[in-house]
Amino acid sequence: MNEQYGREPENKNEPKIIMRLVDVSKIYGGTVPFKALDGVSIDIRKGELISIVGRSGSGKSTLLNLLGCLDKPTMGEVYIKGNAISKMSDDRIADLRRDELGFVFQSFNLAPTLNAKDNVELPMAIKGLAKKEREIAALKTLESVGLADKAENFPSQLSGGEKQRVAIARAISNKPCILLADEPTGNLDTKSSRAIIENLEALCRDNGITVIIVTHDQALAEEADRVIRITDGRIESDVKRKNLKKVKK
Amino acid sequence: MKNIDILELSLNSLQHRKLRSWLAILGIVIGVASVISLISISVGMNENIKSTMSGIGADVITIGSGGERAGSMGPSGFGGGPGADGRSSFGWTSSSEITFNEADNLRSVQGVSELDARVSSNAVVRYRNMNKSLSVVGVEAAAFPKSSSSTIAKGRSLGEGDTYSAVIGASVQSDTFNDTMLNKQININGVSFKVVGVLNESGASFSGPDNSVFIPQATAKRLFNQTKYVSSIVVIAASEYDPDLVADSLAIKLRSLRHVTNSTQDFTISTATTLQSTISSVSDTLAIFLGAIAGISLIVGGIGVANAMFTSVLEQTKFIGLMKSLGARNSVVMKLFVLEASMVGFTGGILGVLLSFLGSILLGAFGLPSKITLELVLLGLGFSVIVGVISGLLPAKNAASIEPVEALRYE
Ligand SMILES: Nc1ncnc2c1ncn2[C@@H]1O[C@H](COP(=O)(O)OP(=O)(O)OP(=O)(O)O)[C@@H](O)[C@H]1O
Ligand SMILES: [Mg+2]
C-alpha cells in the first residue's frame, strides 16, 4: 500500500527519504473555497537544509503545516518515514509531532504563563520525561541558542529575537529528525535574523537534523542546500544548491 | 505526559489567569449558593409543617359550627385556640350553632372516649397591672387532660371541684406576661382566677393552646354568658377505634339531631387525617413552587458555571493548539481542562456552600425557615463539579478535535 510511495529502493549516493508529499492539494473551506496547494509532490531527505520561498499568499505556510503534520491535506498523501498520515490515528500523529518533528512558528507561540526554561521543557514534559532530566536538558538547549542567562524570563520579558531562539530551543528539545520553521526571522532585524539562521544551520550540520525554512529573505534562502519556490500553490522550481547559480542567470 | 505535570500546568494556568479564574469561581459560587438556599427553604418549611403536624393528636376529632365556611377556615381544632372561637370572628347565625344538648347526645356515640364541649371567647386578661387580650377557653375538667394537645408542665390540670382556677398556655407565661405565674392570681373580664397549672409548649406554630387560658367550662358559661351554644367540641376517640370512623358516626348522629343532610350540613368535623390532607396539600403546593424555583436556579447556576468554563476554554484555544503541535495527545489536553474545570468547580462549590450557610442565617433573620442538610451540601458540590467538568469538557473536546493550525489561529 503505502510502501509503494513511502519506501523506494535506496540510492547509495543520497541519504534516505524521510518525508514525502505525493500529489498533495489543500482546499480551504469557507464561503468561497480556496485551493491553496495544488498537486504538490516533494521528497525530503535526511539532513537536508531546505528553504521554501514564494510570494505572500502563495501557499508556503500551508505547505509547511502539512509537512509538520499540523494540518491534513484535502487530497493526496503525506508520508513520514514511509508511513501514510491518513492511515494513522490522532494519537500516533501526536506522537509523531512529539518525537520526530519540531516546529518554529512565525509568531513564536510561546506559552505566556511559562518562563523560557518551562517553555523549552514543555515538549519533554509531554513526552513524559522526569523533571530533573528535563531541567538539565532545557538549560543545555537554551545555552546552545545563547540564552542560558534568560532561562527564568517570561516571554513578555524577552526580545523578539530571544523569543524566537526560545521557540527554536523548544522545537529541538525532543531531538526531532525534522525541524520546520515558518519565517523564523520574519520580523527581526538583519543581525538577529543571521543569528537565528546560523543556529538552524548549525543544528542541521551538527546533528543531521533536516531543516525546512520558509522565508522571504532571498539572501537567507540561498544559504540552503535546496530552494523550493512556490507560486499559486504549485511548485515553480525545486533547485539543489550546486544548480542555484545557473537558475539565477 | 505525567499526571503531576498536567496538574502543574493546570495550576499554572489558573494562577496566571487569576481574575478570570475567580470570575469563573464566582459564577459557580452564586449558582451553588442560590440552589442550596432555595432548596433549604423548601426543606425548612417542610420540617416546620411536620413538627406542627406532630402536635396534632391522631385520636383528636374536632367539631365546629358552620358549613363550608368553617371548612375553609381549616384547622378549627388546633387544640381549641381562637380558631374555635368562631362565633365572634365570623358572626355565624345562632341557628347554625351546636347546642350543649346536641353535644351531650354525642357522648354516647360508639368509639367516643372523651368529649370536651368547649366555650371560648377572647377576653381581657389582667395580671399584675398588665392587660392582654387572650383566648379564654372553658373546658370540661374531666376531658381536658386528654383533649388538650399539650401536657402539664408545672402545677396540675383542672379538677372537678375547680371554679375560679385556670391553666395557662406556655407562652402566656413566657411571652405575654413573662413571669412565673403558678399559684398567682389573674383577672379575666374582672373575675379573679388562680393559676393552678402551666402547659408545656405544644409546638404548633399556629395560634394554639400556647396562647390560651383554660378555665372550667361551667365558669366560662357564666363568664361569657353563653349557656346554650358550644364554641367547639373536642372528641377523643377510644384507642381501639379508627378516629375517622368515629368521626363518621359523630357526623351521622349530629346530622340526624340537627335535621340536615350531607349536602346541607351546617357543621364541620375534622380529624388528624383531614387536617393532614389540608396541610399536606398546602405543603405540596409549596414544595412544587420551591422545587420549580430550585430547578430554575439549578439551570441559571448551571448556565453560570457552563459559561465560565466555556470562556475559560475558548480563551485557551491557542494553548490547546500549541500543546497539540508539540505532540500532546487529545487525552492529555482533555485531562488538562477537566482538572482545571474540576478545581474551579470544587472551589466554587465549597465557597458556594459557605455562602449558602450565611444565606440561611440571613433568611432565618427574616423569619424564613431554612435547613441545609448534608445531602444538600453534597448536591451543591457534586453539581458544581459535574456541571463544571461537563461544560469544560465540551469546548475542550471541540478545541482538541480540530487540527493544531486551526486552534493556533484562534485569537
Ligand atoms: N484558514 C484559511 N482559510 C481560508 N483561506 C486560507 C486559510 N489559510 C490560508 N488561506 C489562503 O491560502 C493562501 C495561502 O496561504 P498561506 O498562509 O499558505 O500563504 P503564505 O505563502 O504563507 O503567505 P505569507 O508569505 O503571507 O505568509 C492564501 O491566499 C490565504 O488567503
Ligand atoms: Mg505564511
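Residue numbers (my numbering), protein chains in the order written: chain W, 1 to 249; chain A, 1001 to 1411.
Positions of the beta carbon are idealized from the N, C-alpha and C atoms, including for glycine.
No experiment lies behind these values; they were computed from the predicted model shown.
{"Query": "Buried or exposed by the 16-neighbour rule on C-beta atoms within 10 Å, applied to VAL1313 of chain A", "Result": "buried"}
{"Query": "Which listed residue (A:ASN1189, A:ILE1188, A:GLY1169 and A:GLY1190) has its alpha carbon closest to that of THR1180 of chain A", "Result": "A:GLY1169"}
{"Query": "Contact shell at 6 Å, judged by CB to any heavy atom of ligand 1, ordered along the chain", "Result": "W:TYR28, W:GLY30, W:PHE34, W:ALA36, W:GLY54, W:SER56, W:GLY57, W:SER58, W:GLY59, W:LYS60, W:SER61 and W:THR62"}
{"Query": "Which listed residue (A:THR1163, A:LYS1184, A:ILE1025 and A:GLY1155) has its alpha carbon closest to that of GLY1302 of chain A", "Result": "A:ILE1025"}
{"Query": "Chain A residues whose Cβ lies nearer than 9 Å to that of ASN199 of chain W", "Result": "Result: empty, since nearest Cβ-Cβ is about 19 Å, beyond 9 Å."}
{"Query": "Cross-chain neighbours of MET1001 of chain A in chain C, by beta carbon under 7 Å", "Result": "Absent from the structure: chain C. Protein chains present are W and A."}
{"Query": "Terminal residues of the beta strand (DSSP E) in which ASP91 of chain W lies", "Result": "That residue, ASP91 of chain W, is in no beta strand (DSSP E); its alpha helix (DSSP H) goes 90 to 99."}
{"Query": "Endpoints, alpha helix (DSSP H) assigned at GLN164 of chain W", "Result": "160 to 172"}
{"Query": "Cβ shell of LYS81 of chain W (< 6 Å), same chain only, five flanking positions each side left out", "Result": "ILE18"}
{"Query": "Chain W contacts from the segment 1316 to 1329 of chain A (Cβ-Cβ distance under 9 Å)", "Result": "LYS1318, PHE1319, GLY1321, LEU1322, MET1323, LYS1324, SER1325, LEU1326, GLY1327, ALA1328 and ARG1329"}
{"Query": "Interface flag, ASN109 of chain W vs chain A, CB-CB below 8 Å", "Result": "yes"}
{"Query": "ASP71 of chain W: CB within 7 Å of a non-hydrogen atom of ligand 2", "Result": "no"}
{"Query": "Per DSSP, the bridge partner or partners of MET1130 of chain A", "Result": "A:TYR1127"}
{"Query": "LYS150 of chain W beta carbon less than 8 Å from that of GLU133 of chain W", "Result": "no"}
{"Query": "Chain-ordered chain A contacts of ALA94 of chain W [CB-CB under 8 Å]", "Result": "LYS1324, GLY1327, ALA1328, ARG1329 and ASN1330"}
{"Query": "Partners in chain W for PRO1404 of chain A, counting only beta-carbon separations shorter than 7 Å", "Result": "LEU70"}
{"Query": "Boundaries of the beta strand (DSSP E) in which LEU1339 of chain A is found, first to last residue", "Result": "No beta strand (DSSP E) holds LEU1339 of chain A; the alpha helix (DSSP H) holding it covers 1330 to 1365."}
{"Query": "Residue range of the unbroken alpha helix (DSSP H) whose run includes SER61 of chain W", "Result": "60 to 67"}
{"Query": "Residue-chain proximity (SER1013 of chain A, chain W), Cβ-Cβ < 8 Å", "Result": "yes"}
{"Query": "Cβ-heavy atom distance, ASP217 of chain W to ligand 2, below 7 Å", "Result": "no"}
{"Query": "Buried or exposed (CB count within 10 angstroms, at least 16 for buried), ALA1141 of chain A", "Result": "buried"}
{"Query": "Between the CA atoms of ALA221 of chain W and ILE235 of chain W - distance to the nearest angstrom", "Result": "16 Å"}
{"Query": "Where PRO112 of chain W falls, given that 16 or more other Cβ within 10 Å makes a residue buried", "Result": "exposed"}
{"Query": "Local conformation of LEU1019 of chain A per DSSP, three classes", "Result": "helix"}
{"Query": "Burial state of THR1093 of chain A, where buried means 16 or more other Cβ atoms lie within 10 Å", "Result": "Residue confidence is low: THR1093 of chain A scores 43 on pLDDT, short of 50, so the model does not pin down where it sits. No coordinate-derived value is stated."}
{"Query": "Whether ILE197 of chain W touches GLU223 of chain W by CB criterion (8 Å)", "Result": "yes"}
{"Query": "Nonlocal neighbours in the same chain, by C-beta distance under 6 Å from LEU200 of chain W, ignoring five residues either side", "Result": "VAL211"}
{"Query": "Own chain partners of PRO33 of chain W with C-beta closer than 8 Å, once the 5 adjacent residues on each side are dropped", "Result": "ILE27"}
{"Query": "GLU183 of chain W: CB within 7 Å of a non-hydrogen atom of ligand 2", "Result": "yes"}
{"Query": "Same chain, Cβ closer than 6 Å to ARG1128 of chain A, neighbours up to 5 away in sequence not counted", "Result": "none"}
{"Query": "For ASP206 of chain W, the nearest candidate out of W:ASN65, W:GLY128 and W:CYS177 (CA to CA)", "Result": "W:CYS177"}
{"Query": "Listed by chain order, chain A residues near ASP99 of chain W by CB distance under 9 Å", "Result": "GLY1327"}
{"Query": "Given SER1281 of chain A as reference, the closest of A:HIS1016, A:ASN1046, A:MET1001 and A:ILE1028 once Cα atoms are compared", "Result": "A:ASN1046"}
{"Query": "Contact list for ASN257 of chain W against chain A, beta-carbon separation under 7 Å", "Result": "In the structure as shown, chain W starts at 1 and stops at 249, and residue 257 of chain W therefore has no counterpart that could be examined."}
{"Query": "Length of the line joining the Cα atoms of ILE50 of chain W and ASP225 of chain W", "Result": "6 Å"}
{"Query": "Of the residues A:LEU1038, A:ARG1126 and A:LEU1322, the one placed nearest GLY1190 of chain A, counting alpha carbons only", "Result": "A:ARG1126"}
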